[in-house]
Structures are given as C-alpha cells and as structure tokens.
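Residue numbers (the working numbering), protein chains in the order written: chain A, 2 to 297; chain B, 336 to 682. Written below as structure tokens is the structure these notes are about.
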Amino acid sequence: MTILDRRPRFARTAPGGGTPTRRGPRRSPRPAPDLVAAVLVLVFFAVALAAPSALAPRDPFALDLVNALRPPSAEHWFGTDESGRDLYTRIVHGARQSLLIGVGATVLSLAIALVLGSLAALAGRFVAGTVNRVVEVLFAFPTLLLALLLVAVLGPSAWTQVVAVGVGTAPGYARMIRGQILSARNSGYVEAAVALGHPRGWILRTHVLPNAIRPLVAVFALSVGQSIVWASSLSFLGLGVAPPAPEWGALLDAGKIYVTQAWWLTVLPGLVIVLLALATTTIGKHIQSALEKGEK
Amino acid sequence: MTRTSSSDLELSAAVGRPGGPVPPTGDGGPPPRLGGRLGLVGGKLAGAAVVLLGAATAAFAAQAALPGDRATVILNVRAGQAIQRTPEELAAINEEYGLKNPLVVQYLDYLGGLVRGDLGTSYQQHRPVAALILEQLGPTLTLTATAIVLAWLLMVTWVTLTAGRGPALRALGEAVDTAAAGLPHYWLGILLLLVFALTLGWFPVIGGTGPVGLLLPALTLAIPLAGFLGQATRAEFERSLAQPFVLSARMRGMGDAGVRLRHVLRHSVLPAVTLSGWALGATISGAVVVETVYSRAGIGTVLVSAVNAQDLPVVTGVVVLIAALYVVANLLVDLAYALIDPRLKDA
Numbered sequence: 002m003t004i005l006d007r008r009p010r011f012a013r014t015a016p017g018g019g020t021p022t023r024r025g026p027r028r029s030p031r032p033a034p035d036l037v038a039a040v041l042v043l044v045f046f047a048v049a050l051a052a053p054s055a056l057a058p059r060d061p062f063a064l065d066l067v068n069a070l071r072p073p074s075a076e077h078w079f080g081t082d083e084s085g086r087d088l089y090t091r092i093v094h095g096a097r098q099s100l101l102i103g104v105g106a107t108v109l110s111l112a113i114a115l116v117l118g119s120l121a122a123l124a125g126r127f128v129a130g131t132v133n134r135v136v137e138v139l140f141a142f143p144t145l146l147l148a149l150l151l152v153a154v155l156g157p158s159a160w161t162q163v164v165a166v167g168v169g170t171a172p173g174y175a176r177m178i179r180g181q182i183l184s185a186r187n188s189g190y191v192e193a194a195v196a197l198g199h200p201r202g203w204i205l206r207t208h209v210l211p212n213a214i215r216p217l218v219a220v221f222a223l224s225v226g227q228s229i230v231w232a233s234s235l236s237f238l239g240l241g242v243a244p245p246a247p248e249w250g251a252l253l254d255a256g257k258i259y260v261t262q263a264w265w266l267t268v269l270p271g272l273v274i275v276l277l278a279l280a281t282t283t284i285g286k287h288i289q290s291a292l293e294k295g296e297k
Numbered sequence: 336m337t338r339t340s341s342s343d344l345e346l347s348a349a350v351g352r353p354g355g356p357v358p359p360t361g362d363g364g365p366p367p368r369l370g371g372r373l374g375l376v377g378g379k380l381a382g383a384a385v386v387l388l389g390a391a392t393a394a395f396a397a398q399a400a401l402p403g404d405r406a407t408v409i410l411n412v413r414a415g416q417a418i419q420r421t422p423e424e425l426a427a428i429n430e431e432y433g434l435k436n437p438l439v440v441q442y443l444d445y446l447g448g449l450v451r452g453d454l455g456t457s458y459q460q461h462r463p464v465a466a467l468i469l470e471q472l473g474p475t476l477t478l479t480a481t482a483i484v485l486a487w488l489l490m491v492t493w494v495t496l497t498a499g500r501g502p503a504l505r506a507l508g509e510a511v512d513t514a515a516a517g518l519p520h521y522w523l524g525i526l527l528l529l530v531f532a533l534t535l536g537w538f539p540v541i542g543g544t545g546p547v548g549l550l551l552p553a554l555t556l557a558i559p560l561a562g563f564l565g566q567a568t569r570a571e572f573e574r575s576l577a578q579p580f581v582l583s584a585r586m587r588g589m590g591d592a593g594v595r596l597r598h599v600l601r602h603s604v605l606p607a608v609t610l611s612g613w614a615l616g617a618t619i620s621g622a623v624v625v626e627t628v629y630s631r632a633g634i635g636t637v638l639v640s641a642v643n644a645q646d647l648p649v650v651t652g653v654v655v656l657i658a659a660l661y662v663v664a665n666l667l668v669d670l671a672y673a674l675i676d677p678r679l680k681d682a
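Put into structure tokens, the structure is as follows:
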C-alpha cells in the first residue's frame, strides 16, 4: 500500500503496451461486471454515510458484556468486540467519519498538487525551478513518513489525519499534474494554436488546462480509496482517531490486541477498507479508459 | 521504442526522479550528450545534496513549527504532563536548546550538528537521537533488505512465468499484481500472522530476531512491493518479447526459458530497478506498520512512540536518516543500471 499511492494508477499502460488495438465487432454497451460490483459497493457505503441506521439499526456504542468477543454469527454478522458491541453496526456507523477523512484528504491533496504542479509547469523560470525542486524533495519522502511528521507537530486527531494524508500524498500528484501540463503544452494542437497567433493566456485556458485537468476526475476516484488506506494506517498505529470511535482505522487499532483471540476484529474492518479501495480504484480505471476513448 | 503518451506520463510520474536515469518523458530536458559524463555525475551528486538539504530544512521547520512555546512543550514532553512552568525552568531549557537565538542561527546550528552526525537530543529520553536510532537501526535494515530481496524473487518468478503467454495468463498475472500492490501492510500482516503462525503454527506468533521470525514480516513487506514492481516489469517484458533480438536468439536455437531469463528479463527489469531505489524509503516506512503488527523492535517502534509523545528531535532524526538512505539507494541504483545495461557504460 505504501508503494501504490505514489504512482497514480490513472496513467497505466494498456495490456501489451504498444500493440495495436483490436478492431473486432463493436462491443455491446453492457457494463463490465467489475464496474457493477464497484458501484454497488460504493452505493452501500454512500447509504452508510448518509443514513447508517437504515443499514444497521443497532446502537454502535451499546455495551453487552455477556456477549463479548463472540465470533460472527446470524445474530452478530461480523461478531462482537471486547465490550460486546456489534462490529457490523460499528463498521457501518464508522463509514461517515472514515469516508469524510478520505474525501477531505483527497480534496486537500489535489488542491495542493494543482497549485504546485501548475506553478512548476507554467510559472517563470526561477519560480518553476524552485517549486519543482521542492516537489521533488517532498516526493523523496515516503507518504507515511511525511504524514507521521505532520502528526508529530499537530498532535493526533481526525483533522490532523486529513492534513497529514492530504499533504503526504500531494507531491506525487503535483509531479503528475506538472507532467500533464507540460505534455499538453508540447502537443501539436498547442503548437498549431501558437502558430495561428492566438494569445498565450487564451491557449492556456482553452487547450492546456482542460487537457491537463480532465484526467483528475479519474485520479480523484483512485485517490479516495488510497487516502482511506493511509488514514487507517495512521489510526492503526494509534496516531489517528482514538477508539472507541467506530472509525475503521480506530477499529483496527482497538482490535489488534485481540488478534490471537478474535480474528474478526481486525480482519473484517481491514477487508472493508480493502473492498472500498478496490471499488474506487476500479471506478477510477473505468473513468480513465472512458476518457482515453473520448480523446481518440 | 515508441511509447504512448499515457505511458510517458506514468513513467514521468513514477520513474523520472532526480538521480535515476530518466527516459525521454517530454519534460523538456536536453538529451544527455556524449562526453557529458562528468556533468552527469556532478548533477547527480548535486541532486542528492539538494534532497538532503531539503530533508534537513523540513526537519528543522517541523521542530520550529511545534505549536506553543517550545520550552514549555519540551518540558511537558519530558515530564509527560502539561503544567505551568516557572520562568527559571523555561530559561534553563531555552539556554540548553538555544531557543532564544534567531531562527537563522538555530537553523545553521542544526545543519552544523547534522554535518557532525549530531541529530539533536531527545526531549523525552534526554539522550542523543543518533544513539537512540542506531540501537534500533539493525533490525529494521535487516527487515527492509530481506523484504526487497524477497520482493524481487517473487516478482521475477511471477512475471517470467506469466508474461507473454496468452491473454488468460496475462489477465491472471495482472490481476494478481494489482491486488498484491493494493494490500495494506497492516491487513496483510494480520492475515499472514493468523494463517501461518496461529492456524498452521509454522512460525512463532511473536517473531523474535531469528531468521524464522524475520520471514513473515519480510513477506508482509515483500508482497505489495512485488506487485508494484511487477506492474512496472510486466508491460516492459511483453514489449521486449516482441523485439528482434528475441527472434534472433530463438533462431540460434535458444530455448524459451533461456530467452526469457537471459535476454528479455535483462531488458525488462530496468524500470523496476529504478523504482527499487525509491521503494527502499517506502519499504522502511512500511516497516513502521509491520513492526507494530508483529511487535518487532526497530526504528518503527521508536518512531511511533516518538510521534505519540511529540518527541520531535527523534521523529525528525528518523526523517533525515531515511532521506540519507534514499539518496544512497538511488546512487546504488545508478550503479546497477550501468551493470545491467551496457549501453549506459559508454554514455
């Protein structure tokens, strides 16, 4: 997971690299099964975010010490924790905080990346060079390390998690946006526009920026899942939202001492995070390939 | 070698970093000229120095940015409780850490200390950070090195077996790469622990420092890394398989395994070699999580407790150290490049 985040997946080569695209009969517009599954997962979590009680009517904080550490059963789908709280209910109710941290971190990260990336690509020579150096230096730091440094300064909390993950993941995206802008600027259509004598600002607005920014839609989808994984890593280390809040990383943190007695307390919240990350990645990839098709 | 614009982008996002040999990415840089070798080496060293200086500056900025009066914070961290301090107590701390000096002076002092190998003094333990880190560095470096070796073994085996063998195996190979690369360390660690240590009983639950205890934590780091490197290698592997030199090797009567291992592999690991230098830093930070899962001693444990206590000199000490390792790793990667790709020796 540490590694994945640095290389935004939106720009992955098609299988087989440079092989010519197959020109078979036109595919029917039936959506791919992985996309359907991903959307279903996302819809579930959207409902969990908006109205958790519709999916899990119990109280996520209700103690039931008689039924502590029960394995998954028909009564408790995901088992119960050390105080007898229902894990399924807690995961559903924790979705709001986990998702908001993930989305918040992504918005912050892309906003920082957009500013730094544009400066590094478009500003005057001195500013662009300096910003580019700063981005490169920040990129040398592993995301988690940068995030930990920020947590150390700001102290652990949900807001710190948003800032730490947002800043930690920004350098990679800033590099990517810079590359996008530069490759758009060096393209044939921009050269043509320059040759036609269009003003610089107009070319930037109508050609360079739209082409550089469009792929960010896909990146946004990919990044939300990754941000949730990073944020939950911080909580897992005990440096994020503190238990007993049902935020997913906090569930992992609380469950890790019981790993030998109650596997479900760590495996199931982890599975939920992986599923969600997989779903956002799948959707991001499909958006990306749809955008690429549109360009051809 | 023609690339699509999207793969250019992928490479410039992932591979084109200071130090590593950068493939033409449309970044606008001039192509390396023959005979410019001295300049190239000088440029690499300068790039390394900039990264180190940047790391040191970030480390200093983080210490200076600690909210509140720093002397009070230091005393609170040291005592583990937040109470009002007398001016005398504060004055002593201000004197000890030179906190009343102008920031520029403090910054230069800090840089000077770093040059002498002085990473500062822990707020909490009142000991030199360098000593604190050195004590715990061994296990983490062992873990990281083992993980990278394991990742390469897994990746090379998997890619050699599955790449360029028809669409079904390609799809399977890619799916496994992607899934492996996306696994969070904490989750994978817990799964491996549950399956191999608790259910099967092949490994001790609390690893210890022996080679047996090392394997599960190293595997936890290696599997996502192998997936990540595999993604970079697979596309290149399939591209290399279509090259004329493969055909000519086959015409000379070389078997499929020989072609794959002797010719294709050598061409296709270049992106993964470049990524490995960077992956070292990511793997060390992954080790932070893995050490927590397996209750191993190491830098990770030191770092997590220091972050928890806001013991900033320790945190920044680890940051500076990892930046230094990153720089060394990238210089090694450049060396490995010259060994793998003879064309670069003459450049």
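Ideal Cβ placement from N, Cα and C applies to all residues, glycine included. This structure is a prediction, so every number in the text was calculated from the model and none was measured.
{"Query": "Less than 9 Å between the beta carbons of Pro170/A and Tyr521/B, yes or no?", "Result": "Going by the sequence as given, residue 170/A is Thr instead of Pro. Not in contact: Thr170/A and Tyr521/B (Cβ atoms no closer than 9 Å)."}
{"Query": "Taking just the CA atoms, how far does Trp493/B sit from Tyr629/B?", "Result": "27 Å"}
{"Query": "Report the rounded CA-to-CA distance for Gly635/B versus Thr475/B, giving the unit in angstroms.", "Result": "8 Å"}
{"Query": "May I ask you to verify whether the region 220 to 232 of chain A touches the region 150 to 166 of chain A, counting CB pairs closer than 8 Å and requiring at least 3?", "Result": "yes"}
{"Query": "For the region 471 to 501 of chain B, which residues have a beta carbon sitting closer than 8 Å to at least one beta carbon of chain A?", "Result": "none"}
{"Query": "To the nearest angstrom, how far is it from the Cα of Arg302/A to the Cα of Leu425/B?", "Result": "This structure cannot speak to residue 302/A, because chain A is shown only from 2 to 297."}
{"Query": "Counting contacts by CB-CB distance shorter than 9 Å, is Ala33/A in contact with chain B?", "Result": "no"}
{"Query": "If you draw a straight line from the alpha carbon of Trp78/A to that of Tyr89/A, how long is it in whole angstroms?", "Result": "6 Å"}
{"Query": "Can you tell me whether Ala552/B is helix, strand or coil according to DSSP?", "Result": "For the sequence presented, residue 552/B should be read as Pro rather than Ala. Helix at Pro552/B."}
{"Query": "Does the beta carbon of Gln645/B sit closer than 9 Å to a beta carbon anywhere in chain D?", "Result": "Checking the listed chains, one finds no chain D in this structure; the protein chains it contains are A and B."}
{"Query": "Tell me which same chain residues have a C-beta within less than 6 Å of the C-beta of Gly524/B, skipping the five on either side of it?", "Result": "Thr555, Val625 and Val628"}
{"Query": "In this structure, does DSSP put Thr456/B in helix, strand or coil?", "Result": "strand"}
{"Query": "Which residues of chain A have a Cβ atom closer than 7 Å to the Cβ of Ser620/B, listed in chain order?", "Result": "Thr3, Pro143, Leu145 and Leu146"}
{"Query": "Can you list the beta strand (DSSP E) stretches of 3 or more residues lying completely in the region 483 to 550 of chain B, in chain order?", "Result": "none"}
{"Query": "Below 7 Å CB to CB, which residues in the same chain sit around Arg595/B once its five sequence neighbours on both sides are set aside?", "Result": "Thr495"}
{"Query": "Pull up the distance between the alpha-carbon of Thr501/B and that of Gln578/B, whole angstroms please.", "Result": "In the sequence as presented, Thr is not what sits at residue 501/B; that position holds Gly. Answer to the nearest angstrom: the Cα atoms are 17 Å apart."}
{"Query": "Check the Cβ of Trp264/A against every Cβ in chain B and list those closer than 7 Å, keeping chain order.", "Result": "Leu529"}
{"Query": "Could you give the distance in angstroms between the alpha-carbon of Arg71/A and the alpha-carbon of Leu269/A?", "Result": "14 Å"}
{"Query": "Where are the alpha helix (DSSP H) runs, 4 residues long or more, that stay fully inside the region 169 to 227 of chain A, in chain order?", "Result": "189 to 196, 201 to 204 and 210 to 214"}
{"Query": "Beta carbons nearer than 8 Å to chain B: which residues of the region 230 to 256 of chain A have them?", "Result": "Val230, Ser233, Ser234, Phe237, Leu238, Gly239, Leu240 and Leu253"}
{"Query": "Enumerate in chain order the residues of its own chain whose CB-to-CB distance from Ser573/B is below 7 Å, with the five nearest sequence positions on each side excluded.", "Result": "For the record, residue 573/B in the displayed sequence is Glu; it is not Ser. Here the set comprises Ala498 and Gly499."}
{"Query": "Helix, strand or coil for Pro474/B per DSSP?", "Result": "helix"}
{"Query": "So, using beta-carbon positions, are Ala390/B and Val654/B closer together than 9 Å?", "Result": "yes"}
{"Query": "What residues are listed by DSSP as bridge partners for Asp65/A?", "Result": "The partner list for Asp65/A (beta bridge, DSSP) is empty, contrary to what the question assumes."}
{"Query": "With 16 other CB atoms within 10 Å as the buried threshold, where does Gln304/A fall?", "Result": "Any question about residue 304/A goes unanswered here, given that chain A covers just 2 to 297."}
{"Query": "With 9 Å as the limit, tell me which residues of the region 505 to 529 of chain B have their beta carbon closer than that to any beta carbon of chain A; keep them in chain order.", "Result": "Arg505, Ala506, Glu509, Thr513, Ala514, Ala516, Gly517, Leu518, Pro519, His520, Tyr521, Trp522, Leu523, Ile525, Leu526, Leu528 and Leu529"}
{"Query": "Name, in chain order, the residues that DSSP records as bridge partners for Thr81/A.", "Result": "Asp87/A"}
{"Query": "When you compare only the Cα positions, how much space is there between Val191/A and Met490/B?", "Result": "41 Å"}
{"Query": "Output needed for Ala148/A: all residues of its chain with C-beta closer than 7 Å, excluding positions within five of it in sequence on either side, in chain order.", "Result": "Ala165, Val166, Gly169, Trp231 and Leu235"}
{"Query": "Taking the alpha-carbon positions, what's the Ala141/A to Ala57/A distance?", "Result": "43 Å"}
{"Query": "Since Pro463/B sits in a beta bridge, which residues does DSSP pair it with?", "Result": "Thr456/B"}
{"Query": "Skipping 5 residues on each side, what residues in its chain have a beta carbon closer than 7 Å to that of Leu449/B?", "Result": "Ala391 and Val655"}
{"Query": "Take the Cβ of Val537/B as the centre, count every other Cβ of all protein chains shown within 10 Å, and call the residue buried at 16 or more, exposed below.", "Result": "It is worth fixing the name first, because residue 537/B is Trp in this sequence and not Val. With fewer than 16 other Cβ atoms within 10 Å, it is exposed."}
{"Query": "Smallest Cα separation from Leu550/B: which of Val599/B, Thr481/B and Leu605/B?", "Result": "Thr481/B"}
{"Query": "Can you tell me which of the three DSSP states Lys294/A falls into?", "Result": "helix"}
{"Query": "Just how far apart, CA to CA, sit Ala532/B and Thr207/A?", "Result": "59 Å"}
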